[in-house]
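Asks: For the sequence shown, the working numbering gives the first residue as 1, with consecutive numbering after it.
Next up is a structure, given as structure tokens.
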Amino acid sequence: MSELQHSKWMTVVDRKQRIFRQENNQYDVLEFERHPYTPDQIDKVSKLIRLNLTDDLISKEIREKYPDNNLRWKQLLLGYSVLATFSLLYLMDTEVLEPMRGEDLDCEGHWWLRDNLSKERYDLTLDQFSNCEELKNVYRKGKPKGCHGCGEMPDSLLFDLIQKIQPNSKRWNTNNYSETPSSLDEFLTGRPHESLL
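Shown next as structure tokens:
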């Protein structure tokens, strides 16, 4: 897992977990809770992730790649494997999980997590494969892989999903991801309240 860079986008400030991403000259910051890495918690968090996978969380790239009339849309959970995988990765409080990527027969990428110690697999979107043999083939081709993008920086859709799962999480824009906004208005808007200017 040493080659993967997703953890460089995480920090702890005042014992609170943060994930951040760079947007222009600022940071989009999300403060949230991680869960203990236990079978009960991984099951609970996996269910919450799946319950909150909504159409608005499908990336623009997937929508452009597969027009509305494409037969792939008949596959349950198409377009969510990256988002579901990395949400689970960030929400579990452990360093033993690593993202894996394999390809299906059409060379489309599919993502899941693997426990480095037990080799257990956590695939929240495996039901998009109706053929068990095809899924096994995808797993056979799987390799550890960081999230695509600039230095594995998380996508804003990941932040949106975590906010759906944890409505009490806080999100804001700032010049310094280690600072905490001084007012509730900054948390809600990412900008200082007029009375603070």
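Beta carbons are placed, not taken as given, at the ideal position from N, Cα and C, and that holds for glycine.
Using a Cβ-Cβ cutoff of less than 6 Å, which residues in the same chain neighbour Met1 once the five nearest sequence positions on both sides are dropped?
Replies: Counting from 1 along the sequence shown, the entry for residue 1 is found at position 1. Because the pLDDT at Met1 is just 39, under 50, the model does not fix this residue reliably, and the point stays unresolved.
Asks: For Arg140, does the three-state DSSP call read helix, strand or coil?
Replies: Stepping through the sequence shown from its first residue, residue 140 is reached at position 140. In this structure, Arg140 counts as helix in the three-state DSSP scheme.
Asks: Whole beta strand (DSSP E) runs in the stretch 8–63 with 3 or more residues, listed along the chain?
Replies: Listed in chain order, the complete beta strand (DSSP E) runs (minimum 3 residues) inside the stretch 8–63 are 10–13, 16–23 and 26–32.
Asks: What does the Cβ neighbour count give for Asp55, buried or exposed, with the cut at 16 atoms within 10 Å?
Replies: Position 55 of the sequence shown holds residue 55. Asp55 comes out exposed.
Asks: Roughly how many angstroms lie between the CA atoms of Gln41 and Asp155, to the nearest whole one?
Replies: Your numbering for residue 41 matches position 41 in the sequence shown. Your numbering for residue 155 matches position 155 in the sequence shown. When rounded, the distance between both Cα atoms is 24 Å.
Asks: Suppose contacts are defined by Cβ-Cβ distances below 8 Å. Is Gln122 in contact with Phe20 by that definition?
Replies: As a first step, residue 122 must be located in the sequence shown, where it is residue number 122. As a first step, residue 20 must be located in the sequence shown, where it is residue number 20. The amino acid at residue 122 is misidentified as Gln; the sequence shows Tyr. No, these two residues do not count as a Cβ contact at 8 Å.
Asks: On the three-state DSSP scale, how would you describe Thr174?
Replies: In the sequence shown, residue 174 corresponds to position 174, counting from 1. Thr174 falls in the strand class under three-state DSSP.
Asks: Would you decide whether Val29 is buried or exposed? Buried here means 16 or more other CB atoms lie within 10 Å of its CB.
Replies: Mapped onto the sequence shown, residue 29 falls at position 29. Per the 10 Å Cβ criterion, buried.
Asks: Val138 to Arg50, Cα distance in whole Å?
Replies: As a first step, residue 138 must be located in the sequence shown, where it is residue number 138. As a first step, residue 50 must be located in the sequence shown, where it is residue number 50. Taking the straight line from one Cα to the other gives about 21 Å.
Asks: Is the Cβ-Cβ distance between Tyr80 and Leu48 less than 8 Å?
Replies: Mapped onto the sequence shown, residue 80 falls at position 80. Mapped onto the sequence shown, residue 48 falls at position 48. Their beta carbons are not under 8 Å apart, which means Tyr80 does not touch Leu48 by this criterion.
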